[in-house]
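A.B. asks: In numbering that gives the first Met the number 0, the protein residues as written are 0 to 527.
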Amino acid sequence: MLKTKQKKRQDDNYKQKQDPQKPEDLPIFRDYQENIARIKEETGNSSDVNIREFKIGSHKGGLVFIDGLASDQAIADYILESVIEIEVPGGPIDIFQFMMDEAMALGNVKTIEDWNQVFDSLFSGNTVIFLQGCNKAISGETKGWEKRAISEPSTQLSIRGPKDSFTETLRTNTALIRRRIKSPNLRVDSMKIGTVSQTDIAILYIDGIANDKIVGEVKERLQRINIDSILGSGYVEQLIEDQTWTTFPTTYHSERPDVVTSHLLEGRIAIICDGTPFVVTVPAIFIQFFQAPDDYYSRFDISTGIRILRILAFLIAVIGPSVYIAATTFHQEMIPTTMAIAIAAQRESVPFPAFVEALIMEVTFEILREAGLRLPRAVGQAVSIVGALVIGQAAVQAGFVSPVMVIVVSITAIANFSTPVFAMAIAARLVRFVLMGLATVLGFYGIMLGLMFMTIHLCSLRSFGIPYMMPLAPFNLHNQQDAFVRFPVWAMKNRPMFISKGNMKRTGENQKPEPPKQSENQSKNGEE
0 MLKTKQKKRQ
10 DDNYKQKQDP
20 QKPEDLPIFR
30 DYQENIARIK
40 EETGNSSDVN
50 IREFKIGSHK
60 GGLVFIDGLA
70 SDQAIADYIL
80 ESVIEIEVPG
90 GPIDIFQFMM
100 DEAMALGNVK
110 TIEDWNQVFD
120 SLFSGNTVIF
130 LQGCNKAISG
140 ETKGWEKRAI
150 SEPSTQLSIR
160 GPKDSFTETL
170 RTNTALIRRR
180 IKSPNLRVDS
190 MKIGTVSQTD
200 IAILYIDGIA
210 NDKIVGEVKE
220 RLQRINIDSI
230 LGSGYVEQLI
240 EDQTWTTFPT
250 TYHSERPDVV
260 TSHLLEGRIA
270 IICDGTPFVV
280 TVPAIFIQFF
290 QAPDDYYSRF
300 DISTGIRILR
310 ILAFLIAVIG
320 PSVYIAATTF
330 HQEMIPTTMA
340 IAIAAQRESV
350 PFPAFVEALI
360 MEVTFEILRE
370 AGLRLPRAVG
380 QAVSIVGALV
390 IGQAAVQAGF
400 VSPVMVIVVS
410 ITAIANFSTP
420 VFAMAIAARL
430 VRFVLMGLAT
440 VLGFYGIMLG
450 LMFMTIHLCS
460 LRSFGIPYMM
470 PLAPFNLHNQ
480 QDAFVRFPVW
490 AMKNRPMFIS
500 KGNMKRTGEN
510 QKPEPPKQSE
520 NQSKNGEE
């Protein structure tokens, strides 16, 4: 009997080598020991593949799970204990259906009919059960890997907003959004990307609000991805974006559930990638990267003033050093006489032109900023602060740079930190160096030329077919309620029409706050 099984296994292996069909696509054997042997062979006898044989009545079987992905407690309580304690009725029975109906105490149990589903279930944390004489298997959900607890956001802080953030677990992230949108119209479509990693991806949108064409485009681009592994949402962003050759982000990512929820309610689509706490939302527009969560938790006048301040700080971060270079190199007449004399006196001992001086300080500051990010948190901030103070002071005393240049670079760096989204802040840092070079050659004319080309480039970008500069270019008067100026919540009645094509109404009628109306009796009493 043993020789017959070995010969049968050799014949199967020979057929697999001759047949171009993958082993995962072949049907499941009726002999459960053959199935277990195949799993051992395909996984290379990995030590984390656990196998447990059992007997229920006169029927034999075996269960397989991956240690660390499946919960030992769930397997012991809801599978093995049920199998041991259950009484099998006498007479001929369908043992497979009996196990499905009576012996499995788990919530999610399904039937598996091929090897592709077997390995998919195993590496998803489920337990696979093989029964003697059955060419099908049972998959029970026993996921139980270690996961990080929900904590406060680390990159997008808020004063009045909620303090929870996404984690690396896909279902935890979808639950955080379901908790905020209690509607059956919230759709969650799942797929796997990566021929080796088989990473779980979830696509979220609200049916009736999101544009069906954009939803279809997102799914099509994700399905076209053919790569061996997806290790984070950054991989997905680079593979689905409209334009690669640009420094400006055309997709938005956030670790805040309230931000992603607000994007879904505007008609956008969210892409959640298992293993990363950052959720991607598309389409993205330029003005969106200057909107912070606190803008919607505060009064509209305060939010509008702070948002305009952020945009002004972005312009300072882009053109700050280049304006100083152009003014000191080509356009000294534009500087007040007293200030020009002070700057000239400070630069008297500096051996470098203004461009080299600015380049030295900018590169030094970028190195300090990168070092502060990569060092342990306990020493990273100290190194950044102490390094900036010591190096800046030493450079001024040594005569390499002037004190005014240290001030210009410091103001530029602080202005760059005010951008709410890190991806847009990096874009400003890269564009800054280009404008510095143009200012060195052409002065203010070079700065204006660079800003003009940057504006043309921004107007040419698209994010899933949506113009990147909407609603500014092309200008749309009806969608200016949440651009530079943030209208009161009761006044933002409609969703952005360039994104949403469904239910456009966001608020009902007569939502403007008003004082209570006095009755006739109250008016008479007041007159008396």
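We put the CB at the ideal spot given by N, CA and C, even for glycine. Only a predicted model underlies this, so the values are computations on that prediction, with no experimental measurement involved.
Only counting the same chain, and skipping five residues up and downstream in sequence, which positions put a Cβ closer than 6 angstroms to that of Phe-64?
C.D. replies: Taking the sequence shown and counting its residues from 1, one reaches residue 64 at position 65. The answer, listed in chain order, is Asn-49, Thr-126.
A.B. asks: Among the residues of its own chain, which have a CB less than 8 angstroms from the CB of Arg-244, if the five just before and after it don't count?
C.D. replies: In the sequence shown, residue 244 corresponds to position 245, counting from 1. It is worth fixing the name first, because residue 244 is Trp in this sequence and not Arg. Around Trp-244: no qualifying Cβ.
A.B. asks: His-477: buried (16+ other C-beta within 10 angstroms of its C-beta) or exposed?
C.D. replies: Numbered from 1 along the sequence shown, position 478 holds the residue referred to as residue 477. That one is exposed.
A.B. asks: If we require 4 or more residues per run, which alpha helix (DSSP H) segments fall completely within the stretch 240-323?
C.D. replies: Within the stretch 240-323, the complete alpha helix (DSSP H) runs of at least 4 residues are 256-264.
A.B. asks: Where DSSP assigns a beta bridge to Asp-199, which residues make up the other side?
C.D. replies: For the purposes of this step, residue 199 is identified with residue 200 of the sequence shown, where counting begins at 1. Note: Asp-199 sits in a beta bridge opposite Lys-191.
A.B. asks: Sort out for me which residues DSSP pairs Asn-49 with in a bridge.
C.D. replies: In the sequence shown, the residue the question calls residue 49 occupies position 50. According to DSSP, Asn-49 bridges with Phe-64.
A.B. asks: With a cut-off of 8 angstroms on the beta carbons, I'd call Glu-151 and Lys-162 a contact; round off their distance for me.
C.D. replies: On the sequence shown, position 152 is the one that residue 151 refers to. On the sequence shown, position 163 is the one that residue 162 refers to. The pair is a contact, with the Cβ atoms about 5 angstroms apart (cut-off 8 angstroms).
A.B. asks: Quickly, what does DSSP pair Tyr-204 with across the bridge? List them, please.
C.D. replies: One-based indexing of the sequence shown puts residue 204 at position 205. Arg-186, per the DSSP bridge assignment.
A.B. asks: Measuring alpha carbon to alpha carbon, tell me which residue in Phe-53, Gln-96, Lys-191 is nearest Glu-80.
C.D. replies: On the sequence shown, position 81 is the one that residue 80 refers to. That would be Phe-53, whose Cα lies nearest to the Cα of Glu-80.
A.B. asks: Hey, is the stretch 162-171 in contact with the stretch 217-229, meaning 3+ C-beta pairs nearer than 8 angstroms?
C.D. replies: no
A.B. asks: To the nearest angstrom, report how far apart Ser-189 and Gly-56 are at their CA atoms.
C.D. replies: Locating residue 189 in the sequence shown gives position 190, where the first residue counts as 1. Locating residue 56 in the sequence shown gives position 57, where the first residue counts as 1. Cα to Cα, the separation comes out at about 39 angstroms.
A.B. asks: When you compare each of Ala-209, Pro-419, Asp-66 to Pro-529 by their alpha carbons, which one comes out closest?
C.D. replies: One cannot answer for residue 529 here, as it falls past the ends of the chain, which runs 0 to 527.
A.B. asks: Considering only C-alpha positions, which residue in the set Tyr-296, Pro-183, Gln-290 is nearest to Leu-308?
C.D. replies: Sequence index remark: in the sequence shown, residue 308 carries index 309 (1-based). Comparing Cα positions, the closest option is Gln-290.
A.B. asks: List the endpoints of the continuous beta strand (DSSP E) containing Gly-231.
C.D. replies: In the sequence shown, the residue the question calls residue 231 occupies position 232. Per DSSP, Gly-231 belongs to no beta strand (DSSP E) and is neither H nor E.
A.B. asks: Starting from Phe-129, follow its DSSP beta bridges and name the residues at the other end.
C.D. replies: As a first step, residue 129 must be located in the sequence shown, where it is residue number 130. BP columns for Phe-129 point to Gly-61, Ala-136.
A.B. asks: Please report the distance separating the alpha-carbon of Cys-133 from that of Thr-171.
C.D. replies: For the purposes of this step, residue 133 is identified with residue 134 of the sequence shown, where counting begins at 1. For the purposes of this step, residue 171 is identified with residue 172 of the sequence shown, where counting begins at 1. If you take the alpha carbons of Cys-133 and Thr-171, they lie about 35 angstroms apart.
A.B. asks: Buried or exposed: Thr-275, going by 16 or more other Cβ atoms within 10 Å of its Cβ?
C.D. replies: Counting from 1 along the sequence shown, the entry for residue 275 is found at position 276. It is buried - the Cβ of Thr-275 has at least 16 other Cβ atoms within 10 Å.
A.B. asks: Taking C-beta to C-beta, are Thr-511 and Ala-490 nearer than 9 angstroms?
C.D. replies: Taking the first residue of the sequence shown as position 1, residue 511 is located at position 512. Taking the first residue of the sequence shown as position 1, residue 490 is located at position 491. Correcting the residue identity first, residue 511 is Lys in this sequence and not Thr. A distance below 9 angstroms separates the beta carbons of Lys-511 and Ala-490.
A.B. asks: When the Cα of Gly-304 is compared with those of Ile-315, Phe-351, Val-484, which residue comes out closest?
C.D. replies: Numbered from 1 along the sequence shown, position 305 holds the residue referred to as residue 304. Nearest Cα to Gly-304 within the set Ile-315, Phe-351, Val-484: Val-484.
A.B. asks: Tell me whether the beta-carbon of Asp-211 lies closer than 9 angstroms to the beta-carbon of Leu-185.
C.D. replies: On the sequence shown, residue 211 is found 212 positions in, with the first residue counted as 1. On the sequence shown, residue 185 is found 186 positions in, with the first residue counted as 1. No, Cβ-Cβ distance for Asp-211 and Leu-185 is not below 9 angstroms.
A.B. asks: How long is the line joining the alpha carbons of Ile-324 and Phe-354, rounded to whole angstroms?
C.D. replies: Your numbering for residue 324 matches position 325 in the sequence shown. Your numbering for residue 354 matches position 355 in the sequence shown. Approximately 6 angstroms, taken between the alpha carbons.
A.B. asks: Which residue marks the beginning of the beta strand (DSSP E) containing Lys-162, and which one marks its end?
C.D. replies: In the sequence shown, residue 162 corresponds to position 163, counting from 1. Segment: none, Lys-162 is in no beta strand (DSSP E) and carries neither H nor E.
A.B. asks: For Arg-505, name the three-state secondary structure that DSSP assigns.
C.D. replies: Taking the first residue of the sequence shown as 1, we reach residue 505 at position 506. Here Arg-505 sits in coil by DSSP.
A.B. asks: Please go through the same chain and pick out, in chain order, the residues whose beta-carbon is closer than 7 angstroms to the beta-carbon of Phe-299, but skip the five residues on each side of it.
C.D. replies: Here residue 299 refers to the residue found at position 300 of the sequence shown. These residues qualify, in order along the chain: Arg-485, Phe-486, Pro-487.
A.B. asks: Measuring alpha carbon to alpha carbon, tell me which residue in Gln-396, Met-98, Ile-158 is nearest Tyr-77.
C.D. replies: As a first step, residue 77 must be located in the sequence shown, where it is residue number 78. It is Met-98 whose Cα lies nearest to the Cα of Tyr-77.
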